[in-house]
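Chemist:
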Amino acid sequence: MSQEDQEKDYFESSIHLEYQYTAGAATTRFLNKVKEGKLVGQECPKCKAVYVPPRGSCPRDGIATNKEVELVDQGCIESFTIVHIPIPGNPIVPPYVCAMIRLDGANISFLHLVHGIELTDIRMGMRVKAVWKPKSEWRHSLENIKWFIPTDEPDVDVSKLRFKAE
Amino acid sequence: MKKIAIVGYAQNKILASAGALNEVELIMPVVHKIFNSLGISQNEIDFTCSGSCDYLQGAAFAFVEGLSAIQTNPPIKESHVEMDAAWALYESMLKIQMGDADTALIYGFGKSSPGDLDSIISLQMDPYYISPLWPDRISLAALQAQVLLSNNIINEDEIMQAVIESRNNGLNNLNALIQTSITEDEYQKDLVLSSPLRVLDCPPISDGASAMIIASEDKAFNFSSNPIWIKGIDHRIETSNLGARNLSSSPSIKSAMKSLDIENTTFDIAEIHTQFSHEYPFLRKLLNLENVPINLSGGPLVGNVMMAAGLDAIGKVYEQLSTNSYKRGLAHATSGPCLQHNMLVSLEKNS
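Here the protein sequences line up with chains A and B, keeping their order. First residue of the first sequence: 11, per my numbering; consecutive thereafter. First residue of the second sequence: 1465, per my numbering; consecutive thereafter.
#1: If the criterion is Cβ atoms closer than 9 Å, does the pair residue 91 of chain A and residue 108 of chain A meet it?
#2: Looking only at its chain, what residues have a beta carbon closer than 6 Å to the beta carbon of residue 1757 of chain B, apart from the 5 residues adjacent to it on each side?
#3: Leaving aside the five residues before and after residue 93 of chain A along the sequence, list all residues of the same chain whose C-beta is less than 7 Å from its C-beta, in chain order.
#4: Going straight from the alpha carbon of residue 1755 of chain B to that of residue 1765 of chain B, what length do you get?
#5: With burial defined as no fewer than 16 other Cβ atoms inside 10 Å of the residue's Cβ, what is the status of residue 1548 of chain B: buried or exposed?
#6: DSSP state of residue 161 of chain A, grouped into three classes?
#7: What residues of chain A sit near residue 1567 of chain B, judged by a beta carbon separation below 9 Å?
#8: Per DSSP, what kind of secondary structure is residue 70 of chain A in: helix, strand or coil?
#9: Using a beta-carbon distance below 9 Å, is residue 135 of chain A in contact with chain B?
#10: Assuming residue 1519 of chain B and residue 1597 of chain B make a contact with CB atoms under 8 Å, what is their CB distance in whole Å?
#11: Who are the near neighbours of residue 1829 of chain B in its chain, counting only those whose CB is closer than 7 Å to its CB and skipping five residues on each side?
#12: If you draw a straight line from the alpha carbon of residue 1619 of chain B to that of residue 1613 of chain B, how long is it in whole angstroms?
#13: At a CB-CB cut-off below 8 Å, which residues of chain B make contact with residue 28 of chain A?
#14: Quick one: which unbroken alpha helix (DSSP H) runs of 4-plus residues sit fully inside the segment 1475 to 1531 of chain B? Chain order, please.
#15: Can you find the residues in the same chain that come closer than 7 Å, C-beta to C-beta, to residue 1578 of chain B, ignoring five residues on each side of it along the sequence?
#16: Buried or exposed: where does residue 1702 of chain B fall if 16 or more other Cβ atoms within 10 Å of its Cβ makes it buried?
#17: Could you work out which residues of chain A lie near residue 1532 of chain B, taking near to mean beta carbons separated by less than 7 Å?
#18: Quick check on DSSP: helix, strand or coil for residue 1561 of chain B?
#19: With 9 Å set as the bound, which would you pick, yes or no: does the beta-carbon of residue 23 of chain A sit closer than that to a beta-carbon of chain B?
#20: For residue 1671 of chain B, list the residues DSSP reports as bridge partners.
#21: Where does residue 1796 of chain B fall in DSSP's three states?
#22: Please list, in chain order, all residues of the same chain as residue 27 of chain A whose beta carbon is under 7 Å from its beta carbon, the five residues on each side excluded.
#23: Cβ closer than 7 Å: which chain B residues qualify as neighbours of residue 74 of chain A?
#24: Beta-carbon within less than 8 Å of residue 1712 of chain B's beta-carbon, same chain only, minus the 5 sequence neighbours each way: which residues are those?
#25: Would you mind working out which of B:1646, B:1641, B:1638, B:1621 sits nearest residue 1632 of chain B, comparing C-alpha positions?
#26: Whole alpha helix (DSSP H) runs in the segment 16 to 62 of chain A with 4 or more residues, listed along the chain?
#27: For a quick check, are the C-beta atoms of residue 1676 of chain B and residue 1584 of chain B less than 9 Å apart?
#28: Can you tell me which of the three DSSP states residue 118 of chain A falls into?
#29: I need the DSSP call for residue 133 of chain A, collapsed to helix, strand or coil.
#30: Using the beta-carbon count (16 or more within 10 Å), is residue 1592 of chain B buried or exposed?
#31: The beta strand (DSSP E) that contains residue 1729 of chain B, what's its start and end?
#32: Kindly indicate which three-state DSSP category residue 1444 of chain B falls into: helix, strand or coil?
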């Protein structure tokens, strides 16, 4: 044992596990459509809420969401954050905007990037639309959308986006 | 102490691989099954508690995602144990005893097929001295089997008979993953994985989910005309330092038996969470169950859904007491290496 080893008061014991991860039957249907450039949510048969990306259930009613609903690739910023701290391994250079995007007709939002705007101008309720990557790069991923950019439509009142409680 | 009863239990058919199904798609069918069998909904449930382990399918916060299978509007009270759902039952009983709930839904789910169960299970042990060595679950079980054999507490014939009996009992269990019997000859020719354990001595990799509903005495008869009372429940754990344990006995089970005052109780039926065949004769003697029908479901050797198999042992005793003439039953659930952590549940039917 070297002098250096003897002086160590710790050792690293890394954990490496491999999985055959599956997204689930409902999410698989969604991802197959995303690969074709379509955003297809699923509707609750009871409360009619539309989930995108879908997990196969309505978590309010606890029932399966089997009806598929094709959505447009535009909506609004429900919430956002400006990232200033670089994340190791992330190729995106800060500062950049991560936002919860609520597609028109959907009842939940998902996280994506917003581009093409001064950071000081970004706000909740701002209308945005998707910019897709070239079709040749499409995979089973929401990263097929490069980012969202603002449109010149008027803002949406975010307080009215709350889950429609009947 | 309030009297608490099991009023319903449901189990998905155990699969070797649930394929692309996610946790929501595993849980929802079994929860709907138990609600439909009782003609009720989530609205009748005061407290919901689940048992699962995110490491199994390799998805962080899978237990939170799993909640999407449950109706949560109006808002529900819920909790989770990163353990077998038998311990979710225990938490639910505490909730009822404290007066915070009268009814509880318990569910457990496990998907072992996506990962390497041997590696995953070794992570549950002491992170400083044992886990870095990556001891696999079968080698650890074999260690205890060897200790039991060399101390003449069990013998090799009893181990073999445990496998044959489990396989035969499993033939009557529609939800069992393995539904074939084996002969002594087939057993003897089977591959030894880790001496003395053969492939047939180990449980199959299993995917599935189970659910149970319990209720206080005030509510139990609203759900069932034949509730099965939980007379006693106790769980004890031994040290995580394997070298400091006496593997030829089980102080945790003995103290649980003492606490439940069941050392001299005669049970009509028992289901014990024996994942490895040598544990069967060992616990049969320790629990004084020599003349009692044990694991009529076939037990974990014919289907072993991680994080649900302990709840299943309790559920199977409930089913036997509900549908047969048996009056008193014992269920056992375990966790950790070499039967480290043990729960005993004593169940009784109204006379």
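Each residue gets a CB set at the ideal place from its N, CA and C atoms; glycine is no exception. Quick caveat: nothing in here was measured; it's all calculated off a predicted structure.
Modeler: With the structure as the only source:
#1: yes
#2: 1733
#3: 104, 105, 106, 108
#4: 21 Å
#5: buried
#6: coil
#7: Those within 9 Å of residue 1567 of chain B in chain A number zero; the least Cβ separation is about 16 Å.
#8: coil
#9: no
#10: Wrong, their Cβ atoms sit about 18 Å apart, outside the cutoff.
#11: Residue 1829 of chain B is absent from the model: chain B starts at 1465 and stops at 1815.
#12: 6 Å
#13: 1579, 1580
#14: 1487 to 1502, 1518 to 1521, 1526 to 1530
#15: 1521, 1522
#16: buried
#17: 65, 67, 69
#18: helix
#19: yes
#20: B:1479, B:1575
#21: strand
#22: none
#23: 1492
#24: 1611, 1612, 1615, 1617
#25: B:1646
#26: 35 to 45
#27: no
#28: coil
#29: coil
#30: exposed
#31: Looking at the DSSP string, residue 1729 of chain B is not in any beta strand (DSSP E), and its letter there is neither H nor E.
#32: This structure does not reach residue 1444 of chain B, given that chain B is present from 1465 up to 1815, and the question cannot be answered.
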